[in-house]
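Protein chains in written order, with this note's numbering: chain A, 4 to 160; chain B, 21 to 410.
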């Protein structure tokens, strides 16, 4: 190697710093605003339709990932579907065991491509399965803020 | 596809670290050490005179500083020269350097990537910054939940069991024991591996590659330069890369499309029609055990839904017909963040040179190397290497 280094851990020094994360505004965009407004006001999931590819995307977006068309048609869907896949999270960010494991699933909606990633509750981890039918449990309408936490979780139907 | 200009060769490699902790050197000093080694290996190059351009590979958010590319020229000898950073895995940087040489404007290009993972105190929280703020920020959980979602789906649709994941872990950790660069070698039985507790179902701590600190530098050159400078050039026959949709909700969890498309591109450039027959050794991304199986299928080294059956038959063992990660993979060597692809490229380069101490596979002529850009991405790159001149 090109230079000498110390191997003495008593004199090797580091300093502990914070990398500040400033506040940020996330613009929802056209499709995002429609999705969040419909969730807040009507308690529905919104998808955007591509007539060219004959698909409805959830979450909605303003452009098609398959054919690059502009998407302007939105479809309101019932907040229920089935578990496309799920996982059970047993540890926190630092490897400590969680008191209560979290069930997280990708919930697919009938006739749509994609779905919603959310918590599954009111069921024991060992009883969850792929294809299980689930529905959203929403906050009361006057408590909704227009974000995905307006859905508290999904539960088996 | 016809190559427009010079073939591209690897003429120098250097590294520093390969250790869970490197208290004795900063990331800049680690890169400097790796660069000095690589330039010596390439025939005593002076980067101030002999290198035309530099590519580094790094994600800002791991570095604790922003605009990290500005921090890179000095320790490579690249000040006042063309330098840029690819925000992605090291193999994406190799593809970028390969293209630079193919333009005919550059004769020698350096690629660097490093990991100073031991400096990162909140690794998994930072990883969550990579998720969509609108549609996934309501999930406050360990980001490997995404690996859990994918693994569960892949395993159900392909017939892969937990025991197959454990067989990957057993193989890679065993291969790592004799690799002097590996930090996590171990002789464990499949049963012992299966006893580990779940982190994110269906994955336990065993299925997740642990982190290391490492810096790696490669020197790439034209054929003319390679002939002049190097006794043992390794030829880059093909490169490829691809990215899937950013919406994790619409990805196909059953197949690593990013890897398949990247491999198709690299195989096309390399003129490979039957990867199973024409590839002697594969370095495959195993940041999670199940990913090795998915990626092997994406690279057409196994048929779809049958990589676990090939695994059962021992085909991927170091002494098998198609060794996969014979040096231990990320599970045995360690996960080096954006240097990951370069760890795999280094393993393949040393195999092709016959310098893979402790894990040399006999008669290796052509390798495929593949990397994935980790959670939460669906980006991958592939490189095909040979020790035989075209």
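All residues carry an ideal CB built from backbone N, CA and C; glycine is no exception.
Nothing here was measured: the structure is a model prediction, and the numbers come from that model.
| Check | Outcome |
| --- | --- |
| Assess, as a yes-or-no matter, whether the region 217-233 of chain B is touched by the region 346-357 of chain B under the definition of 3 or more beta carbon pairs within less than 8 Å. | yes |
| Nearest to residue 109/B by CA position, among 265/B, 75/B, 87/B, 332/B, is which residue? | 75/B |
| Quick one: Cα of residue 332/B to Cα of residue 344/B, how far? | 13 Å |
| Since residue 155/B and residue 273/B should fall inside the 8 Å C-beta cutoff, what is the C-beta to C-beta distance between them, to a whole number of angstroms? | That pair is no contact at about 16 Å. |
| Would a check of beta-carbon distances place residue 120/A closer than 8 Å to chain B? | yes |
| Cα-Cα, which of 181/B, 91/B, 359/B, 309/B is closest to residue 137/B? | 359/B |
| Would residue 122/B pass as an interface residue toward chain A - the criterion being a Cβ-Cβ separation below 8 Å? | no |
| 8 Å is my cut-off, CB to CB: does residue 45/B come that close to chain A? | yes |
| Grouping DSSP H, G and I as helix and E and B as strand, with all else coil, what is residue 125/A? | coil |
| Check each residue of the region 82-94 of chain A: if its Cβ is closer than 9 Å to any Cβ of chain B, include it; give the result in chain order. | 87, 88, 89, 90, 91, 92, 93, 94 |
| Counting C-beta neighbours from all protein chains within 10 Å, is the total for residue 315/B 16 or more, i.e. buried, or is it exposed? | buried |
| In chain A, which residues lie less than 7 Å from residue 161/B when you measure between Cβ atoms? | 92, 105, 107 |
| Can you tell me which of the three DSSP states residue 221/B falls into? | coil |
| Distance, Cα to Cα, residue 119/A vs residue 32/A? | 18 Å |
| Report the CB separation of residue 179/B from residue 328/B in whole angstroms; it is logged as a contact under 8 Å. | 7 Å |
| With a threshold of 8 Å between beta-carbons, can residue 65/A be considered close to chain B, or not? | no |
| Since residue 243/B contacts residue 73/B with CB under 8 Å, what's their CB separation in whole angstroms? | Not quite, the Cβ-Cβ distance comes to about 17 Å (not below 8 Å), so this is no contact. |
| With a threshold of 6 Å on Cβ separation, who are the neighbours of residue 317/B within its own chain once the five nearest residues in sequence on each side are excluded? | 324, 327 |
| Can you give me the C-alpha to C-alpha distance between residue 22/B and residue 388/B, rounded to a whole angstrom? | Low confidence applies to residue 22/B: its pLDDT is 47, below 50, so where it sits in the model is not reliable enough to give any reading. |
| With burial defined as no fewer than 16 other Cβ atoms inside 10 Å of the residue's Cβ, what is the status of residue 117/A: buried or exposed? | buried |
| Which of the three DSSP states, helix, strand or coil, is assigned to residue 61/A? | strand |
| Run through chain A and tell me which residues come within less than 9 Å of residue 277/B, C-beta to C-beta. | Those do not exist, as residue 277/B stays about 12 Å from chain A at its closest Cβ, beyond 9 Å. |
| Please report whether the beta-carbon of residue 113/A lies at a distance below 8 Å from any beta-carbon of chain B. | no |
| Using a Cβ-Cβ distance under 8 Å, would residue 153/B count as near chain A? | yes |
| Since residue 99/A and residue 219/B should fall inside the 8 Å C-beta cutoff, what is the C-beta to C-beta distance between them, to a whole number of angstroms? | 11 Å between Cβ atoms; not a contact. |
| Below 7 Å CB to CB, which residues in the same chain sit around residue 224/B once its five sequence neighbours on both sides are set aside? | 216, 217, 218 |
| Helix, strand or coil, according to DSSP, for residue 158/A in the structure here? | strand |
| Less than 8 Å between C-beta atoms, sequence neighbours within five positions excluded: which residues of the same chain meet that for residue 205/B? | 193, 194, 195, 196, 197, 198, 199, 348, 352 |
| Give, in chain order, every unbroken run of the alpha helix (DSSP H) that is at least 4 residues long and sits entirely within the region 161-235 of chain B. | 165-178, 182-197, 210-214 |
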